[in-house]
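The opening position of the sequence shown corresponds to residue 13 in this note's numbering, with each subsequent residue numbered one higher. Even glycine gets a Cβ: it sits at the ideal position worked out from N, Cα and C. What you are looking at is a predicted structure, and each value in this text was computed from that prediction instead of being measured.
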Amino acid sequence: MKKFALISVSDKTNIVEFAKEISSLNYEILATGNTAKTIKENNISCTEVADFTKFPEIFSGRVKTLQPTIFGGILMRRDNNQDLKEASENNVVPIDIVCVNLYPFPQVVKRTDIDVETKIENIDIGGPSLIRAASKNYKFVSVLTNPNQYDEFLKELKSGEVKLSTREKLAGQAFAHT
């Protein structure tokens, strides 16, 4: 079965290296707009979320990931027969890694040289929702919200399995992030 990782980051620090490692471990990368562009420009295979969901980004990018296919893949309980049945019936596949960081709203809102509309567009809706969904399902999903987490996570992933205690710790850090 294919393994999926969702990457949607505002802060692209070390994201190319992270994506390269994830790809080398046979994860299919799903990514949004500019994140997908950055990954593809570095010759790393990825599928844009819009292509994966068969639904385009709309409203100038305001709606990208708020899709049942994405959230179902994150929230499905892999040990729950009803969830597995519903996933199969609705073409939902498990997403095991969610790497998301948020628009820099706290920094942008303080700036006096930026108009209110630009500030408003830096309010992240999908990002916090993805982070919270992945955190809620930490039993099955790893959630990363900071480039400083990538190296340790990859080291553990390469060893064959990300421990439940690691996923729980990452989920706690993610909740603090939102």
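C-alpha gap between residue i and residue j, whole angstroms
{"i": "Lys15", "j": "Asn54", "result": "21 Å"}
{"i": "Ile70", "j": "Ile19", "result": "18 Å"}
{"i": "Arg89", "j": "Leu96", "result": "7 Å"}
{"i": "Ala43", "j": "Pro68", "result": "13 Å"}
{"i": "Gln161", "j": "Lys49", "result": "22 Å"}
{"i": "Ala188", "j": "Leu182", "result": "10 Å"}
{"i": "Ile34", "j": "Asn102", "result": "26 Å"}
{"i": "Lys151", "j": "Ser57", "result": "27 Å"}
{"i": "Gly139", "j": "Ala31", "result": "18 Å"}
{"i": "Thr124", "j": "Ile132", "result": "14 Å"}
{"i": "Gly184", "j": "Ser141", "result": "15 Å"}
Span of the alpha helix (DSSP H), counted from its first residue to its last, around residue i
{"i": "Asp95", "result": "Asn93 to Glu101"}
{"i": "Phe187", "result": "Leu176 to His189"}
{"i": "Gly85", "result": "Pro80 to Leu87"}
{"i": "Gly138", "result": "Gly138 to Lys148"}
{"i": "Ile34", "result": "Ile27 to Ser36"}
Residue i and residue j closer than 8 Å at C-beta
{"i": "Thr59", "j": "Ile27", "result": "no"}
{"i": "Lys175", "j": "Glu168", "result": "yes"}
{"i": "Ala192", "j": "Ala186", "result": "Given a span of 13 to 190 for the chain in the structure shown, any question on residue 192 remains unanswerable."}
{"i": "Thr81", "j": "Ile143", "result": "no"}
{"i": "Gly213", "j": "Val104", "result": "What the structure shows of the chain is the stretch from 13 to 190, and residue 213 is not part of that stretch, so it cannot be assessed."}
{"i": "Lys76", "j": "Gly45", "result": "yes"}
{"i": "Lys148", "j": "Leu87", "result": "yes"}
{"i": "Ser22", "j": "Asn113", "result": "yes"}
{"i": "Ala17", "j": "Ile41", "result": "yes"}
{"i": "Lys170", "j": "Leu78", "result": "no"}
Which residues DSSP lists as bridging residue i, in chain order
{"i": "Ile109", "result": "Ala17 and Ser154"}
{"i": "Ile70", "result": "Val75"}
{"i": "Glu60", "result": "Ala43"}
Enclosing beta strand (DSSP E) for residue i [first to last residue]
{"i": "Leu42", "result": "Tyr39 to Ala43"}
Within-8 Å CB hit, residue i to chain B
{"i": "Ser154", "result": "Looking at the structure shown, chain B is missing, and only one protein chain is on hand."}
- Item | Validate contact between the stretch 95-114 and the stretch 145-159 using beta carbons, cut 8 Å, 3 pairs | yes
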